[in-house]
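Okay, structure first, notes after.
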Ligand SMILES: Cc1cc2nc3c(=O)[nH]c(=O)nc-3n(C[C@H](O)[C@H](O)[C@H](O)COP(=O)(O)OP(=O)(O)OC[C@H]3O[C@@H](n4cnc5c(N)ncnc54)[C@H](O)[C@@H]3O)c2cc1C
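Residue numbers (this note's numbering): -8 to 499.
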């Protein structure tokens, strides 16, 4: 086996996965991470007695009999994690009409409950549930993930199409339009909002079918130990495999041998805890795409397609996340409630109309017994928070406090007495996401997954630059845990192919 050296930028899930597969295949790897802990956007932080989980909501395919399960196993995730099944996706509440409904994995009940909202929408509901049923049993998260574009030949494409033959009709036409357009068929305005918000309104309708199918199959799990423990399990596996990781080490430049156009190492920013320059045979960036390509590499290795992508593609809209540490048990409450507000409130130029309320009552690590973390997120504008923080730091702090109070007032209507039980309040804005992960404009999942972007195969390499690869959510539109983890595997598959050795995996 080879003993080539690999430098990996970023200890998010993709960077750690790259490191694990590199070590399994005999490469000597070293991860450099900007933050002081692993996980990237899959982040947790402590506030007094409360562990705030600002990351992953659910894990897809956490049970055996899927290719993704094998991936989790190889990366040490199954060994260390606890993933209680998600039986209900969440509750949707319309404050104006007082109606509420739970999106459950029991598809018969789901159909009946949704039809009860407005019988005139029976046709749409039947269509939605039929889509979910058709996708049950599919190893969707692993679809198209077995190989990177660089290694996928015509035979692989045919194999993939054959594997997808049962679902192929969903990837074209009506079901490949954005969920928001698919939802237009709803007669009832609230049902329309509900269908749109099953995930992001921009995702293709089939994506919502897939989520419902996973739910119905019992293939969605909650992270009972939190996102940081999840990342730590991959970090542990990586270190056991002999990998090396340096935290608080921000890469400022990817070093390139300009004559040969090949990556040769990285230079760390001033003040980093390690020597400034590190050399390796191969450099992998599992960090933010824009800064990798245009800052760390100075924009020298782009083609029209890359330029167009970074000029025109939308990003996941960033969020404000308000967390309350509350001296109250929320036994039996759904872990997720989506509130359509009767009284929206302003943030910058926007009126906030929908709040997602997560209740961390499914694990013991989040709060002491009898206490709970309640987390509220809503979409917001990057520029508003960024400019405010740049120009007026006290104003930025005051705005965070105002937003926390506005949100709490809305929650009080659903959980009376809550305000008096709040012991800790923490507000994270898109700028917070950027500060800790350097993701462009606080885009915590990278590109906005639209019917067009989600199906785009982005190479893991850049034109004209040798010995350099990219992993993570910026090369797999829409991000998510399985794609990010697979992307690390992809990079090492390419490396092995180029080095003439067989790609191998192992389990802990
Ligand atoms: C609130 C939330 C909920 C989510 N829910 C789900 C879910 O339910 N299911 C699901 O599958 N996915 C979910 N995701 C998405 C999933 O967590 C991400 O897509 C995935 O973790 C991205 O991993 P990554 O390694 O590609 O990127 P990142 O996590 O962004 O990692 C990049 C890393 O690179 C580091 N870095 C950046 N620049 C530099 C530099 N110059 N030098 C050194 N280091 C650098 C960053 O600090 C970071 O650690 C969620 C994400 C969030 C935030």
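Quick reminder that beta carbons are idealized off the backbone N, C-alpha and C, glycines included.
Please read all numbers here as calculations on a predicted model, not as lab measurements.
Remark: C-beta atoms of residue 38 and residue 417 approach each other more closely than 8 Å. Taking a contact to require three or more Cβ pairs closer than 8 Å, the region 200 to 211 and the region 463 to 478 do not qualify as touching.
Under the three-state reduction of DSSP, residue 458 is assigned to coil, being neither helix nor strand. Secondary structure note for residue 197: its alpha helix (DSSP H) is the uninterrupted segment 196 to 207.
For the 8 Å CB-CB criterion, residue 255 and residue 248 form a contact. Taken from the Cβ of residue 475, at least one heavy atom of ligand 1 lies inside 7 Å.
C-alpha of residue -6 to C-alpha of residue 272: approximately 10 Å in a straight line.
Annotation for residue 148: the continuous alpha helix (DSSP H) segment containing it runs 145 to 154.
Between the region 190 to 197 and the region 429 to 442 there are three or more C-beta pairs closer than 8 Å, enough to call the two in contact. Relative to ligand 1, even the nearest heavy atom lies 7 Å or more away from the CB of residue 268. When 433, 160, 346, 135 are compared, the shortest CA-CA separation from residue 467 is found for 135. Counting only the Cα atoms, residue 246 lies some 8 Å from residue 288. A distance below 6 Å between beta-carbons, with the five flanking residues on each side excluded, links residue 448 to the following residues of its chain, in chain order: 140. Following the DSSP letters along the chain, one finds residue 243 inside the beta strand (DSSP E) bounded by residues 242 to 248. Runs of the beta strand (DSSP E) spanning 3 or more residues and lying entirely within the region 319 to 383 occur at 327 to 338, 341 to 350, 363 to 370, in chain order. By the Cβ-count criterion, residue 231 is exposed, with fewer than 16 other Cβ atoms from all chains shown falling within 10 Å of its own Cβ. Under the three-state reduction of DSSP output, residue 64 falls in the helix class.
Residue 331 is positioned such that its CB atom lies closer than 8 Å to that of residue 181. Ranked by how close their Cα comes to the Cα of residue 160, the residues 195, 187, 177 have 195 in first place. By the C-beta criterion, the region 49 to 58 is judged not to be in contact with the region 277 to 295, since fewer than 3 inter-stretch pairs fall below 8 Å. For residue 23, DSSP records a beta bridge to 0, 237. The count of Cβ pairs closer than 8 Å, one atom from the region 161 to 170 and one from the region 92 to 109, stays below three, leaving the stretches out of contact. The Cβ atoms of residue 482 and residue 275 sit closer than 8 Å to each other. At a cut-off of 7 Å, the beta-carbon of residue 314 does not count as near ligand 1: no heavy atom of the ligand is closer than that.
Excluding its 5 nearest sequence neighbours in each direction, residue 283 has C-beta neighbours in its own chain below 8 Å: 0, 245, 276, 461, 465, listed in chain order. Of the candidates 91, 28, 458, 458 places its Cα closest to the Cα of residue 251. Ranked by Cα distance from residue 295, the first of 105, 57, 428, 453 is 453.
In terms of CA proximity to residue 386, 339 leads the group 339, 279, 64. In its chain, beyond the 5 residues on either side, 195, 196, 442 have a beta carbon closer than 8 Å to the beta carbon of residue 168. Along the region 102 to 127, the beta strand (DSSP E) does not occur as any fully enclosed run of 3 or more residues. Under the Cβ criterion (8 Å, minimum of three pairs), the region 343 to 357 counts as touching the region 209 to 229. Using a cutoff of 7 Å, the CB of residue 435 counts as near ligand 1, since one of the ligand's heavy atoms is closer than that. Burial state of residue 382 is exposed, judged by a 10 Å Cβ sphere holding fewer than 16 other Cβ atoms. Closer than 7 Å to some heavy atom of ligand 1: that describes the Cβ of residue 470. Under DSSP, the beta-bridge partners assigned to residue 416 are 315.
In this structure, ligand 1 has no non-hydrogen atom nearer than 7 Å to the beta-carbon of residue 136.
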